[in-house]
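Here the structure is laid out as structure tokens; the discussion comes afterwards.
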Amino acid sequence: MKYITKISLLALSISLSTGAKAENNQLNVYTWAESIDPVLIENFQKETGIEITLDSYTSNEYLLAKLKSGSSDYDVVFPSQHFVKIMIQEGLLKNIDAKNMAAFKQVDDKWKNKWWDKSSEYSIPFVYGTAGYTVNRDKYEGPANSWKEFFEPTGAAAGNIAVFSTPDEIIPAAQLYLGIDFCTEKRTDMKKVYQLLKKQKEYVAVYSSDNISSRISSGEVVMHNWWDGDSMRARKNNNAPIEYAQPKEGLVGWLDSMVVPKNSRNSDNAKTFINWMSEKDNATIEYNYYAHSSAVAIDESKAIHKKENSPEIFPTAFIKFTRACSPSAQKLVDKVWTQLLQ
Amino acid sequence: MKKLSWNFWGLLPAYLVMSLLMVLPLLIIFYVSFMTSDAYGGYKAIFSLQSYSQIFYTADWDDNLVLNFQYLKIIARTLFLSGATAVICLLVSFPVAYYISRQSNNMKTFLLYLVTLPFWVSMVVRVYACVLILSNDGVLESGLRFFGLIGDIDSLLYNNAAMMVGMVYTYIPLMILPIYASIEKLDTRLIEAASDLYSCRMNTLRSIILPLCKPGIVAGFILVLVPCLGTVLEPMLLGGGKTMMLGNLIQNQFGVARNWSFGASLTVLLLCIVLLFLMFQAHRTSKLRELS
Amino acid sequence: MNILAMFKPNRDAKHYPGFGAVGVLFFTFLYLPILVIIAYSFNSNRIVSVWQGFSWQWYASALQNEGLLNSLRVSLTVALFATLVATVIAVSAALVLERGQNVKHAKLSQGVVNLPLMLPEIVFAVAILILFSQLGIQSGMLKLILAHSAFCIPFAFLPIRARLQGMDNNLEQAAQDLYATPLVTFRRITLPLIAPGIFAGSMLSFVISMDDFITSNIVSGGGATTLPVYIFSLVKQGVSPELNAISTLIMVASLLIATPCWLIAKRSR
């Protein structure tokens, strides 16, 4: 019996000490899957002594749900522009006085003081890019210059396409294809979107935002909803036989910012991290790793993704950025999606 | 008086924890299920029955309420798959439990150890084991193909059957143990007597063994059924996320679907279903007790 | 046990032909997937289902996996605290319910202690999620410990109560007759006697906490990813040899915990 008491006391003290360590020099980063170069994490920990725990998500909706559940304990998260706006509205973000941070000076002027954070109090723009679709060129020889091929697939593509598991990018894409405004409040318009997606569903193999790279590279599906930089990374790093489509109707644009959730307990560490990530050298390493366009200044001489070898992130198609929908428009979006996936 | 206070202080922590961390949250769920959902998650304190009517009705694109079988289908699937799982578990467990009870004492202990051992292994790992077996070019598929039993088939994964295999695999120990316990209690002289009176084995099984094992069977059935009704993992990993069960539907409402009150009403519904089964069991056991 | 005996007509009325075959099939069904994982974990090929050669490399890479080790640390911490809380509560509740006199509402109290066993876990998980969000509790670790403590209580309670039921209270009576105070009686007599029950109960709740997926997945936040949640994220990314190695390690650990518990339970019977 004494042994048991001793062992449990020992265990208790061990876990107490590890628990105590967790409070001080901790930083909980919640970011897009495989978006931050592990080298950067390591360097940051070495330079600052702050220990990072990294969790990842694959959709803005998932991030919002986690934050909205009140108490997720994250210190830095990376929502897209319209979700920054929603999170500010919902009071989920901390005012970090972004415009006076060192990081803000690194931000490209065209991304400063935009509609989602007009006076730049909450967010530091970090990376931007587009959402479109990627085709596997071993399995699919047809054209890839319109959303038509994706929404109304024929031939090898029919039955072998994969779509994101959340509506955030796919509904705007459908709206681009149909020539409907983003965030429309018109029922008749959204009914058309629904009908298009409903028809597409017959040809969809899977709705998923996880593990996209292996699914499209291996040819398990021949078309996959994807992001520009991720698609390019798979092509360059793994020699995957894939091509990122340039639909003539346009690509869906997004910009991820670094923000601090309202109830972060390590907001000073969070600011340190945001400033550090925006330093020119680190931003360049991140650019080379993540392969999405950087919203903060990078060292062009060290950048490996140049215009001539990176058609994905220098698209010819026009880009339309998603907006934060009004509640009634958002209801229609949710309605399309729940009816679609029933 | 002193004794009473010992009793009081001894039970106090259990009552405190259970009422704060079990009962109170359930009451909140009940409350939220009658409120209005907020567009971006959470809820507004406005009374509404919307979340309950949503289970049955949906507004179509012209804003008319129409009967909607989407959720009813998920509920029916959940009931069916859970029931079928429990029945399969029962059909397998009874012979196995009986077989174990007929072994020597040492063998019994060993076999029971083998039955309980997987239960100590993390559920995620056990479901993953099923994924591995059923996956494309997995052991089962290549095995069956080797013996020429199947041709080119789509996949053994991502369908209702795969989910059921996973559920049987995860929960079957919960069925074997109570049945085994009731078989062990069985007075074997009854079987011998029946055989002396020229009852055939099937008859003995039907009219003597099974009725006497009923408490164990009912207990095992409930032990398997209740976790199956709320299962989340098997549909996600073995069902491919395309076919939902009630547990996933609930989880989604608190995740990406951001409809808390609807999730809460579904939770209340699930709770009612479970309570019905539990009451049935209580009724059954009390009746059995009266008989004996 | 020879094979032929299985086919010989058995005159024993208690024998049912075919039940043995079902038994053999059942144990195959139960252990085949586990054995497959173990076998694959030693496969040096990156493509899991094609055997290439024996190798320890996936164990090496698993043991260096930062995410895995972090989640293991979280799981261990949570399980230790939850087990401690659950066991203390369970012991005191079991003592009152089995040894107390004139316990009022004993039936109800038992129901309350065993409440978590009656709910499907998803119900508890979403309920406690809402509770935490209303209370605004921040620390992911604290949330996990609170939730796990609650649902571990019945698992600690049942073996302890079984132990108390299984022993008579003569010794306790004798001690009290010799004017030992209740506390001394508890420390000197009852506690050593129910120690195996406490051990079994705390081990069981430790394992239940380590295993939990549904609640942890919903409640978990920054820096508080538990081992099952981490493994789940790996499974979602697809089958990989490293995952097989991790699973095998977990199974070995479970074996190491389960076997002593089993032996103790067997001996004390």
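Chains as they are written, first to last, in the numbering used here: chain W, 1 to 342; chain R, 1001 to 1292; chain E, 2001 to 2269. No residue lacks a Cβ here, since even glycine has one placed at the ideal position from N, Cα and C. This structure is a prediction, so every number in the text was calculated from the model and none was measured.
Does any residue of chain E have a CB that is nearer than 8 Å to the CB of residue i?
{"i": "R:Leu1271", "result": "yes"}
{"i": "R:Gly1010", "result": "yes"}
{"i": "R:Leu1114", "result": "yes"}
{"i": "R:Ala1045", "result": "no"}
{"i": "W:Thr134", "result": "no"}
{"i": "R:Met1022", "result": "yes"}
What's the C-alpha gap between residue i and residue j?
{"i": "R:Ala1076", "j": "E:Leu2204", "result": "34 Å"}
{"i": "W:Trp32", "j": "W:Asn100", "result": "26 Å"}
{"i": "E:Asn2070", "j": "E:Thr2225", "result": "8 Å"}
{"i": "E:Trp2262", "j": "R:Leu1114", "result": "11 Å"}
{"i": "W:Ile274", "j": "W:Asn309", "result": "29 Å"}
{"i": "R:Ser1051", "j": "R:Gln1281", "result": "30 Å"}
{"i": "R:Gln1054", "j": "R:Phe1262", "result": "7 Å"}
{"i": "W:Asp181", "j": "E:His2148", "result": "48 Å"}
{"i": "W:Tyr244", "j": "W:Ile319", "result": "14 Å"}
{"i": "W:Ile298", "j": "W:Leu332", "result": "40 Å"}
{"i": "E:Ala2094", "j": "E:Ser2209", "result": "20 Å"}
{"i": "R:Met1123", "j": "E:Leu2234", "result": "14 Å"}
{"i": "W:Gln345", "j": "R:Pro1173", "result": "Nothing about residue 345 of chain W can be reported from this structure: the residues present for chain W run from 1 to 342 only."}
{"i": "E:Thr2215", "j": "W:Gly155", "result": "44 Å"}
{"i": "W:Ala102", "j": "W:Ala295", "result": "14 Å"}
{"i": "R:Lys1185", "j": "E:Gly2223", "result": "50 Å"}
{"i": "R:Phe1146", "j": "R:Leu1140", "result": "10 Å"}
{"i": "E:Asn2114", "j": "W:Asn288", "result": "55 Å"}
For residue i, decide whether its Cβ has a neighbour in chain W, counting only Cβ atoms nearer than 8 Å.
{"i": "R:Trp1061", "result": "yes"}
{"i": "R:Phe1293", "result": "Residue numbering for chain R in the displayed model covers 1001 to 1292; residue 1293 of chain R lies beyond these limits and cannot be assessed."}
{"i": "R:Ile1040", "result": "It is Tyr, not Ile, that sits at residue 1040 of chain R in the sequence shown. At least one chain W Cβ lies under 8 Å of R:Tyr1040."}
{"i": "R:Arg1258", "result": "yes"}
Might you give, ordered along the chain, the residues of its own chain that have their beta carbon closer than 7 Å to the beta carbon of residue i, omitting 5 neighbours on each side?
{"i": "E:Ala2258", "result": "none"}
{"i": "W:Ser209", "result": "Thr58, Ser59, Phe164, Ser165, Thr166"}
{"i": "W:Ala22", "result": "In this prediction, W:Ala22 has a pLDDT of 48, which is less than 50 and means its spatial position is unreliable; what the coordinates show is noted afterwards. For W:Ala22, where only same-chain residues beyond five positions count, there are no Cβ hits under 7 Å."}
{"i": "E:Ile2198", "result": "Thr2087, Val2091, Ile2160"}
{"i": "W:Tyr133", "result": "Phe150, Met223, His224, Asn225, Trp226, Ala245"}
Identify the continuous beta strand (DSSP E) that holds residue i and give its terminal residues.
{"i": "W:Glu55", "result": "Strictly speaking, residue 55 of chain W in this sequence is Asp, with Glu absent from that position. Counting along the chain, the beta strand (DSSP E) containing W:Asp55 begins and ends at 51-57."}
{"i": "R:Lys1073", "result": "Where R:Lys1073 is concerned, there is no enclosing beta strand (DSSP E), although the alpha helix (DSSP H) it sits in stretches over 1070-1101."}
{"i": "W:Tyr128", "result": "124-136"}
Going along the chain, which residues of its own chain have a beta-carbon closer than 6 Å to the beta-carbon of residue i, five neighbours each way excluded?
{"i": "W:Cys325", "result": "Cys183"}
{"i": "R:Trp1006", "result": "none"}
{"i": "W:His292", "result": "Val127, Gly129, Gly229"}
{"i": "E:Pro2116", "result": "Phe2151, Pro2154"}
Under a CB-based cut-off of 8 Å, is residue i close to chain R?
{"i": "E:Met2006", "result": "Caution applies to E:Met2006, whose pLDDT of 49 falls short of 50 and renders its modelled position unreliable; the model cannot decide the point."}
{"i": "E:Ala2174", "result": "no"}
{"i": "E:Pro2196", "result": "no"}
{"i": "W:Glu202", "result": "no"}
{"i": "W:Lys21", "result": "No answer about W:Lys21 holds up, because its pLDDT of 46 lies below 50 and its placement is not dependable."}
{"i": "E:Tyr2179", "result": "no"}
{"i": "E:Ile2189", "result": "no"}
{"i": "W:Thr338", "result": "yes"}
Between which residues of its own chain and residue i is the CB-CB distance below 8 Å, once the five residues before and five after are set aside?
{"i": "W:Tyr203", "result": "Pro153, Ala157, Ala158, Gly159, Asn160, Ile161"}
{"i": "W:Ser119", "result": "Lys99, Asn113"}
{"i": "R:Asn1160", "result": "Arg1077, Leu1081, Gly1239, Thr1243"}
If you follow the alpha helix (DSSP H) that residue i is part of, which residue opens it and which one closes it?
{"i": "W:Trp147", "result": "Element bounds for W:Trp147: n/a, residue is neither H nor E."}
{"i": "E:Leu2183", "result": "2182-2185"}
{"i": "W:Tyr289", "result": "280-290"}
Would residue i count as contacting chain B if we go by Cβ distances under 8 Å?
{"i": "W:Tyr289", "result": "This model lacks chain B altogether; the protein chains it does include are W, R and E."}
Compile a chain-ordered list of the residues in the segment 64-78 of chain W whose CB is closer than 9 Å to at least one CB of chain R. Leu64, Ala65, Lys66, Leu67, Lys68, Ser69, Gly70
For the segment 2217-2237 of chain E, which residues have a CB atom closer than 9 Å to at least one CB atom of chain W, in sequence order? Ile2218, Val2219, Ser2220, Gly2221, Gly2222, Gly2223, Ala2224, Thr2225, Ser2233, Lys2236, Gln2237
Listed from N- to C-terminal order along the chain, which residues in the segment 2100-2124 of chain E have their beta-carbon within a distance smaller than 8 Å of any beta-carbon of chain R? Gly2100, Gln2101, Asn2102, Val2103, Lys2104, Ser2109, Val2112, Val2113, Leu2115, Pro2116, Met2118, Leu2119, Pro2120, Glu2121, Ile2122, Val2123, Phe2124
Residues of the segment 2150-2161 of chain E with Cβ closer than 7 Å to any Cβ of chain R, in chain order: Ala2150, Ile2153
Which residues, taken in chain order from the segment 2125-2145 of chain E, show a beta carbon closer than 9 Å to some beta carbon of chain W? Leu2129, Ile2130, Phe2132, Ser2133, Gln2134, Leu2135, Gly2136, Ile2137, Gln2138, Ser2139, Gly2140, Met2141, Lys2143
Anything in the segment 250-272 of chain W with a Cβ closer than 7 Å to a Cβ of chain E? List those residues in chain order, please. Asn263, Arg265
Short-range partners of chain W found in the segment 1242-1257 of chain R, where Cβ spacing is below 9 Å: Lys1242, Met1244, Phe1254, Gly1255, Val1256, Ala1257
Output, in sequence order along the chain, the residues in the segment 1198-1213 of chain R whose CB is closer than 8 Å to any CB in chain E. Arg1201, Thr1204, Leu1205
If the cut-off is 7 Å on Cβ atoms, which residues from the segment 150-176 of chain W count as contacting chain R, listed in chain order? Thr166
Could you name the residues of the segment 116-147 of chain W whose beta carbon sits closer than 7 Å to any beta carbon of chain R, in the order they occur along the chain? none
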